[in-house]
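Colleague: Dropping a structure here in C-alpha cells format, bear with me for questions.
Number of protein chains: 4
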Amino acid sequence: MIRYDHVSVPSSTARAQDPRMDFTPSPRSVEYVDRVRRFVAEHVQPVEARYWSEVRAANPDGNWRAWTIHPLVEELKAKARKEGLWNLFMPDPQLGAGLSTLEYAPVAEETGKSFLAPEVFNCSAPDTGNMEVLWRYGSDEQKQRWLRPLLDGEIRSVFCMTEPDVASSDATNMQATAILDGDEVVLNGKKWWSSGIGDPRAKIAIFMARTPDAGADRHHQHSMVLVPLDTPGVEVKRMLPVYGAYDAPHGHGEVHFTNVRVPRANVIAGLGMGFEIAQGRLGPGRIHHCMRCIGAAERALELMITRGASRTAFGKPLINLGGNRERVAEARIAIDQARLLTLYAAWKLDQVGALGAMTEISAIKVVAPNVLQKVVDDAIQIHGGAGMSDDTPLTGFFAQARSLRLADGPDEVHKGVIARIELMKRGVSR
Amino acid sequence: MIRYDHVSVPSSTARAQDPRMDFTPSPRSVEYVDRVRRFVAEHVQPVEARYWSEVRAANPDGNWRAWTIHPLVEELKAKARKEGLWNLFMPDPQLGAGLSTLEYAPVAEETGKSFLAPEVFNCSAPDTGNMEVLWRYGSDEQKQRWLRPLLDGEIRSVFCMTEPDVASSDATNMQATAILDGDEVVLNGKKWWSSGIGDPRAKIAIFMARTPDAGADRHHQHSMVLVPLDTPGVEVKRMLPVYGAYDAPHGHGEVHFTNVRVPRANVIAGLGMGFEIAQGRLGPGRIHHCMRCIGAAERALELMITRGASRTAFGKPLINLGGNRERVAEARIAIDQARLLTLYAAWKLDQVGALGAMTEISAIKVVAPNVLQKVVDDAIQIHGGAGMSDDTPLTGFFAQARSLRLADGPDEVHKGVIARIELMKRGVSR
Amino acid sequence: MIRYDHVSVPSSTARAQDPRMDFTPSPRSVEYVDRVRRFVAEHVQPVEARYWSEVRAANPDGNWRAWTIHPLVEELKAKARKEGLWNLFMPDPQLGAGLSTLEYAPVAEETGKSFLAPEVFNCSAPDTGNMEVLWRYGSDEQKQRWLRPLLDGEIRSVFCMTEPDVASSDATNMQATAILDGDEVVLNGKKWWSSGIGDPRAKIAIFMARTPDAGADRHHQHSMVLVPLDTPGVEVKRMLPVYGAYDAPHGHGEVHFTNVRVPRANVIAGLGMGFEIAQGRLGPGRIHHCMRCIGAAERALELMITRGASRTAFGKPLINLGGNRERVAEARIAIDQARLLTLYAAWKLDQVGALGAMTEISAIKVVAPNVLQKVVDDAIQIHGGAGMSDDTPLTGFFAQARSLRLADGPDEVHKGVIARIELMKRGVSR
Amino acid sequence: MIRYDHVSVPSSTARAQDPRMDFTPSPRSVEYVDRVRRFVAEHVQPVEARYWSEVRAANPDGNWRAWTIHPLVEELKAKARKEGLWNLFMPDPQLGAGLSTLEYAPVAEETGKSFLAPEVFNCSAPDTGNMEVLWRYGSDEQKQRWLRPLLDGEIRSVFCMTEPDVASSDATNMQATAILDGDEVVLNGKKWWSSGIGDPRAKIAIFMARTPDAGADRHHQHSMVLVPLDTPGVEVKRMLPVYGAYDAPHGHGEVHFTNVRVPRANVIAGLGMGFEIAQGRLGPGRIHHCMRCIGAAERALELMITRGASRTAFGKPLINLGGNRERVAEARIAIDQARLLTLYAAWKLDQVGALGAMTEISAIKVVAPNVLQKVVDDAIQIHGGAGMSDDTPLTGFFAQARSLRLADGPDEVHKGVIARIELMKRGVSR
C-alpha cells in the first residue's frame, strides 16, 4: 500500500552523499549477529531436513485444518529464549532487545539463512509487524490481551489487508468495511494473502477496512481492528499455494468476514487511523524482509559454490564450466550492493522516519527480492534436478523472493514512487 | 544428454540464409492446427478449473500411491480420438497422423495452451518419446506388447535416464548398469526425475544404463531396456515436487532398480545401442517441448492483457501503468522470434536429421523455455497475488519452463554445443 | 514517424502461425546473395582498411565542406555495375533488379558486412528510400531530373524530416512549413539528422513540412518537396557527429531552410500527400536497415571468434575464458532469430503492405539494432583497446546500431505500436 | 593488470557485515564536496559548451601534433588553486589536501559531473596515478624534477603499460623490455592506449617493461622507468579514437620505444619493482574512476529527467511515456548502490590496503562503468538525435564508461578475481 501524496522531497535539489550518513554497526548489534549466526549454524540448519520431511509426512497438503506444529519448533523457541535471543526485532528494551532498525538489520540477515530461524527467535512475519503495531498504537488492554502472549510466543497472529477483487496496491480500492454500530464495530469484506492464517496457533487478526465516515480527508477513512479468529462470521475459505505448496499452511489464505461484530475497544488507535498505522508498519517490516532476502541469497550462493565444486561434467567441476564463475561474481556483487543499500535505508529510517526514507525503502524493496530471485535461479541451475525439488532450501527461497516482489507493494509501484521523487527533486511535479 | 563429438559442421564456412529453407506449413498441418485449437477452446479450457479443484480434493499430496485419474481425462481422450485428433505426433501414417516434425510443430503449440491438452490427444511426454523409440527401434514383439496399448491410450510409460548421484548432463557419468546374464539382463542403479512414474496407469519404463562390455567404442556402451514396473526390484522411492507440488504426481519420481531381471528380449535394438537411440529420441521431443512452451507463452500473454485491462489502480488500467505495455510488446517480439526459430529447427531436422540441426535444436532448447519463463513472470506480476496461487495456469507454466531449462540438457550445455559449432565453422577446434 | 491510428488488426483474435507464411528464398535471390557475398569478400573487405586510413588522412574532421570522395568508391561502383550488381533494392525490373522485399532482404544482409558495400552497389540510405519515393510518387519530370542520375550513381540525395526543436517521433509536432505562393512553394524550418547532407555529390533533398491548409484531415497536412541543395535559403549549419566522428561527413547534418522558394512542380504527389508517402517509404527501408544490421552482427561475431581464438591470457585463448563461449552462443541465437523475424516481416510486407505488417516491422525495428549493439559490445570487449579504436569496423557498427535505435522511430515508440495492436486484438481499445 | 596469486582471503569463512565498517564522511570531506560542487556548478559547467565548440574549431582532428590548449583551462586551474581546491587527491597533507581515499571519493564524484572538472582541480588521470607513484616510490631527485611541476599543474604526464600485440590483462604477456646497460637502461617495446600522450604539455612518461633478470621470482621481473618524451627513440605513432574522436587528443595514443636510453636513476624504486608499484597504483585510481562515473551518471540522470519533462509527444511529456519513469527509478537505484559499494571499497582500501579489498575494488570496477553506460544509454534514448551528437556531455560519458570497462582490467577479469576469492573462502582452491 503506497501513499503517493506523502512523498517528501529533500530540500537540497542536488543529489550527493548524505553528509550525516553513518551506518556503522554498534557493538551490541555485532554481538547479536554473532550469537544468532552461531545458533542458526549449530541448532537450526542441522535439523532443517528432518523438520521438513517429518512435517510433510504429518501434514499432507489440503489438510491444513488439522495441521500440527512440529515439536522441534517449540523446543528451539524455548532454547533461543533461554539464551536471550528472543524478540530481537522489538525496539522497546522492556519488551525485546531494544535494537534500532539499523542494529537489528544484520541480525535479520542471519535469520534469513534458514526458513525455520525467524520463528525460532520469535521474529517472524506477520507477528513482528503486528506486535509493533500493538506496541506503538495499542491500548493497555489490547497490549495485555494480545501483545503479551505474542511476545511470549504463545500465540500467533494474522494480517488481513489484500483483497481478491481489486488491485490492492492502490489503497483507495479497498472494499472491506468497518462500520460503527453502537458499542460494536461491524466488519465485512473478503481478504486474501492473509499471512499466517494457516497456523493452528493463530488466535488474532488485524483487519484493515474502510470506515467511510471516519475522517474528514481521504487519509483518515481506513481503520485497523483486532478480530479474534473464533469470532462468528470469520471464515477461512482456503489456503493459497505460492508456486505450488511451499507457503502452506503457515502461509497465506483467503478469509471472508461476514457481519463480524467486535467491541469498539478492538479498534486500534481509533477509527480512521488505519492509514497512518499502515505507513508506520511498513518501513521496518520492509527492512526485515529485505535483510532476510540477503541472508537467503548468501546461503544460496554458498550452496551454488559447494554443489558446483563437488560435481563434475565434461572433465571439470561444474563451477568452472561456461559462465558459472561469472555468475558467482555477479551474485557477490549484487548481494553486497543490496546489503549496503538496505543498511543505509535502515539508518535513514531510524534518523528521519519512513516518509523521509521513501526512496531508499522503495529501492531496497525492489532490489533485495530480485537479487535473491536471480541468485536462486542460478543456484538451482547448477543443482540440476535437485534444485527444483525440496531437497534443498532453494525453491523455498524462490517462493520467498517471488512473493515479496508482490507483497508490500509490487516492484512497479515502488519504482513509481522513486521516479516521482526524482522528478520532484528537479521541480517536475507530474 | 549431449554428445559433443558428434557435432557436425556445415561445409560452407560463411553463414548465410540456408538457400533451401522452406518451412511453409502444409495444408494438412493448417487443418490440424485449426481443429486442435477449436477442440482445446471448446472442450478443454472450460473444464480446466473444475479439473484441478477436483483433482486436488481427491488426491492430497503425499498420497500419490493411491492416486486416481479424474474421469474427465478419459472422457476427453475418447472424444478426441473419435474426432481423429489422436497420436498426432506419430510420423507413421499407419499408427498416427503421419505428420512431419514441421507439420506437427504448430499443432504442439496449440496443445501447449492447456495443461490437460497434450494427454487428451495422446501426445504427452514421456509417452510420445517412448512410442517413437519403440516404433523406430522396437522388435515386433515389443511393439505388440507395449507400443500398441500406448498408442491406444490404455497405459502410460516412464523414461529413466537421469541419476541423483552424478551430473547427468554428461552421459559418461552414468552409473546404472545393464549386464547380460544368460538369457536375462540384470539392472541396477538409481534414477530420478523419471517422468510419468506417478501415474497409476504407467506400466512400463525404458531404463537407460551402461553395459560396459557391450561395444568397442565409448558410444556403444549404453543400453535401453524395457522394464515392466511390477518387476521385482523396481522401487519408487518418492515423488519429486517441482517448485512445490505442481508437477506431482503424474510427474517425476525417484526410482531404484536393485538386481532387476528382465528377459534379454526386453533390450531395445540390442545391447550397446542406447546412445544412438537417445540421440534420435531427443530431436523431435525438443521441438515438441519448445512449441508447447510457445503455446503456453501465448496463453500467458493473453492472461496478462486480459487481467491488466480489467483491473484499475491509481486511476488507470494496470496494463497502462509504468512499463507494462512495453512488456506486452517485448513478449510479442520474443514469442514470434522463438516460434520462427523452432519451426526452422523442425524443418531442418526433417531435412538433415538431428545432428545436422544441432545449432538450431540447441538454440530453441535455450530460447523457448526462457521466453516462457519471462512472459510468465511478467504475467504473474500483473496478476498480483492471484498469479502466485493456482487460480490461473501461470505457476504451472512457470514450473514447465523452469524444469525444461534443466531437462534434456541444461541451458549452459546447449550454449556450449552452439559455441563449439561456431568455432569449428571458423576452424577453431577447441 | 509513427501513425498510431492506422494500426490495423488481423480479424482473427487468436494468434497462431500465419497459414500463408512462405518466405522460402527464390532462386534468383539465392543467386544474388551468392554474387554479392563474393564481391564483398573479394573486392570490398580487402580495401576497407586502406580506404579508411586514406579518407582520414585526406579529410580532417571539421573540414567537411572540402570533403573529397576517395577514388576507390567510384572504381568499385563501376565494377559492381558492370557485373550487374546495381540498384538491387529497386523493385522495378526496368530500373533495377526487380526483387521483392523478401528477395532483396538477404542481399541487404550481405551488404551490411562492410561499411563501404551498400554504396558500391548503389543501395545505400538515404538514396534508396528517396529513389523509391520518386519511383512510386514522382512525376515524369521529377523522375527524369532526379531519379535517373540517382539510379546512375551520379548524384546523391538527402532526406530532411527530423527537427531539432521538437520530439520528432510524433509527426504532429513538426514545425517546418511548405506554403503555396502562386506557382511557388515557400519552405521554412530547421531540420537535423538530415542524412547524406555532408556528401559533396549530394544535389537534391526531400524536405518534409506541414502545409496546414492542404487537406481536410490531419493526415493530409504534410507535404514532401524536392529542393536542389543550391537553392538560395538552404544552409547547412553543421555536421553532427554520432558518438564522435564516425558518421561524418557522409552522414548527418543540421540544415536550415529560410524562405526557400521552389516551383510548385517540385512537390511530390501533391501538397498534403507527405504523410502517405512517408508511411510507404518506411516499410522496405526498415527491412533493409535491419538486414544490414544482421549482416554487421555476423561480421562482428566472426571478428569476436577470430580475435578470441588468436590471443591468449592466463594460459588459455580468450574465447575460452569466463563466459565468452556462452556469449558466442547467445550471439548466434539472437542473430538467427532476428534474421528469421526480419524475413517474415519482409514477406508479410510484400503480401499485405506495411500497415498489415506493422507488428512485424516494428518488432524487427526494435530487435535488429539491439542485437547488433549487444553483439558488437561483446566483440569489442574481447578485442580490448583495439575494439574501441577504428582499427576494426566494430565502433562503426556500434554507431550504426545505436543511431538506428532512434532513427525511423525510437524503440519505445515501436513497442508502443506493438502493444497497441496486441491490446486491440483482444478488444482493449485504449 | 591483475595479480591472481596475491588474492587474500578473509579468515572468517562466513560472509557477514564487516563489524568494523565505518564509512561515515568526515567533516572536511563534506566541506570539500560542498566547495567543489559549487565551483563546478558556478565556474565549470557554464563554460563547457563554449569550451568544446572553440576547441573543435581550433583543433581539427588529425592535427593533434599542433594541438593547443584552450586558455579557459589554465584560467580555471588558477582560480581553483587560489581557492585551495587543488591536488585534492593527494594523501600527503604537505603536497595536497591530505584526504584519505574515503574522504576524497565523494569529491571525485563531484568532479565527475563535468569533463573539464578533473583537470581544473589538478585531479585528472593519468597524472594523479603518476604523482602517487612518484610520491610513494620516487627518489628525491625524481620528485624534484617531475613530481613538483606535476603538482604545480605545469606539465602533464603519460602512463605506458598496455601493448598492442598481446592480451595485456595478463601481465605475464608483456613484451616491452627495460635492460640495464652500464649506467643506462635501454628501453624497447610498443605501447598503446598510453593515456595523456596527446597533450602538448605532456613531458614525461612512466614506461613499464620486463627486466627478465631483475628478480628471483616472477613478480619481480617488471620495472617502471621515467622517460622524458623528448628522448630519442620515443615515437608517437598515432592517436587512438575511442568510439570516434571523443577521447583525442588529450587522450590515448600508440607510442613506440626503440633503443631508448635513459639514466639508471630514472628507474622508479629499482629494477624489478614494477609489479609491486603497479598493484599499489591501481587501488585508489580505481576508486577515483568509479566515483567519477557515479558523478557522471548523476548528471546523465539529471539530463534525462530535464529533457524528458520538457519535450512532448503523443500528448504527454516524454518522461511519462512507456517505461521511462521505471528507467528513472532503475537509474536511481543503480547509482545509489554503486556509490555505497564504492565508498565501502574506499574505506576498506584505507583500512587494509588494496590486496585486502580485492573483492570490493574488483566489484566496483565492474559495477560503476556499467551503471554509467546503462544510464547514459537511457538518457541518450530520451534525447533522441541530440543525444548522439556532442550537444550534450552524454556521448562523452558513454566513451568514458565504455573504455573503463576495458582499462585497468576488463570486466571479465575482475569477475574472475571475485569468483576466485568466493571459492577460496569456501575451501575451493581452483
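Which chain is which? The protein sequence lines are A, B, C and D, in order. At position 419 of the first sequence (counting the first as 1) the number is 418 in numbering that gives the first Met the number 0, and the numbers step up by one without a gap. At position 346 of the second sequence (counting the first as 1) the number is 345 in numbering that gives the first Met the number 0, and the numbers step up by one without a gap. At position 245 of the third sequence (counting the first as 1) the number is 244 in numbering that gives the first Met the number 0, and the numbers step up by one without a gap. At position 68 of the fourth sequence (counting the first as 1) the number is 67 in numbering that gives the first Met the number 0, and the numbers step up by one without a gap. Glycine included, every Cβ here is placed at the ideal spot set by N, Cα and C. Quick caveat, the model's predicted, so the values are computed rather than measured.
1. Following the continuous beta strand (DSSP E) through A204(B), name the residue where it begins and the one where it ends.
2. Here's a check: name, in chain order, each residue in its chain whose Cβ is nearer than 7 Å to the Cβ of G307(C), leaving out the five neighbours to either side.
3. What's the gap between the Cα of P211(C) and the Cα of N369(D)?
4. What residue range does the beta strand (DSSP E) around M20(A) cover?
5. What does a CB cutoff of less than 6 Å around W346(D) pick up in its chain, not counting 5 residues either side in sequence?
6. Using CA atoms only, rank isn't needed, just tell me which of G83(A), V233(A), V46(A) and L354(A) is closest to P70(A).
7. Out of V72(D), I196(D) and A385(D), point me to the one whose CA is closest to L228(D)'s CA.
8. Which residues in chain B have a C-beta closer than 9 Å to the C-beta of R331(D)? List them in chain order.
9. Counting contacts by CB-CB distance shorter than 8 Å, is G307(D) in contact with chain B?
10. Cβ closer than 7 Å: which chain C residues qualify as neighbours of G322(A)?
11. Of the choices A264(D), K189(D) and A213(D), whose alpha-carbon is the least far from that of F256(D)?
12. Return the first residue and the last residue of the beta strand (DSSP E) that D349(B) is part of.
13. Suppose only complete runs of 4+ residues qualify. What are the alpha helix (DSSP H) ranges in the stretch 377–414 of chain D, listed by chain order?
14. Quick one: is W66(B) near chain A, going by C-beta distance under 8 Å?
15. Between the beta-carbon of S113(B) and the beta-carbon of V43(B), is there less than 8 Å?
16. Going by the CB atoms, is the gap between S222(C) and M272(C) shorter than 8 Å?
17. Would you mind telling me which residues of chain B sit closer than 9 Å to G415(A), beta carbon to beta carbon, in chain order?
18. Here's a check: name, in chain order, each residue in its chain whose Cβ is nearer than 7 Å to the Cβ of G137(D), leaving out the five neighbours to either side.
19. Run through DSSP, which three-state label would A96(C) get?
20. So, using beta-carbon positions, are V224(C) and L186(C) closer together than 8 Å?
21. Using a Cβ-Cβ cut-off of 8 Å, state whether F114(A) counts as contacting chain B.
22. Considering only DSSP beta bridges, list what D180(A) is partnered with.
23. For Q399(D), which of I417(D), G384(D), D376(D) and A385(D) has the nearest alpha-carbon?
24. Starting from the N-terminal side, write out each stretch of the alpha helix (DSSP H) that is 4 residues or longer and does not extend beyond the stretch 115–179 of chain D.
25. Answer yes or no: does any C-beta atom of chain C fall closer than 8 Å to that of R217(D)?
26. Report all residues from its chain with a CB closer than 8 Å to the CB of G282(B); omit the five preceding and five following residues, and keep chain order.
27. Between the stretch 155–177 of chain D and chain C, which residues of the former have CB atoms less than 8 Å from a CB of the latter, in chain order?
28. For Y242(A) and chain B, any beta-carbon pair shorter than 8 Å?
29. With DSSP collapsed to three states, give me the class of V266(B).
30. Please say whether V106(A) and L87(A) have beta carbons closer to each other than 8 Å?
31. Counting only Cβ pairs nearer than 7 Å, list the residues of chain F close to W192(A).
32. Roughly how many angstroms lie between the CA atoms of F206(D) and K236(D), to the nearest whole one?
33. Starting from the beta carbon of E421(C), find every residue of chain B whose beta carbon is closer than 9 Å, and list them in chain order.
34. Cα separation between L302(B) and M160(A)?
35. Which residue from A264(B), N172(B), R49(B) and V416(B) puts its Cα closest to that of Q143(B)?
36. Inspect the beta-carbon positions of L371(D) and A295(D) and report whether they are closer than 8 Å.
Modeller: Taking the definition as stated:
1. A201 to R209
2. P316, L317, I318, N323 and I381
3. 47 Å
4. Taken as a continuous stretch (DSSP letters only), M20(A) belongs to no beta strand (DSSP E), as it is neither H nor E.
5. F22 and L101
6. V46(A)
7. I196(D)
8. Correct list: empty, because the minimum Cβ distance to chain B is about 15 Å.
9. no
10. G321, G322 and E325
11. K189(D)
12. It is not in any beta strand (DSSP E) - D349(B) instead sits in the alpha helix (DSSP H) that spans N323 to G355.
13. 384–387 and 393–403
14. no
15. yes
16. yes
17. F313, L320 and G321
18. L146 and I267
19. coil
20. yes
21. no
22. E183(A)
23. D376(D)
24. 116–119, 126–136 and 147–150
25. no
26. T100, L348, G352, A353, A356 and I360
27. T161, P163, V165, A166, S167, S168, D169 and N172
28. yes
29. strand
30. yes
31. Chain labels in this structure do not include chain F; the protein chains are A, B, C and D.
32. 16 Å
33. L300, I304, R324, V327, A328, A330 and R331
34. 25 Å
35. A264(B)
36. yes
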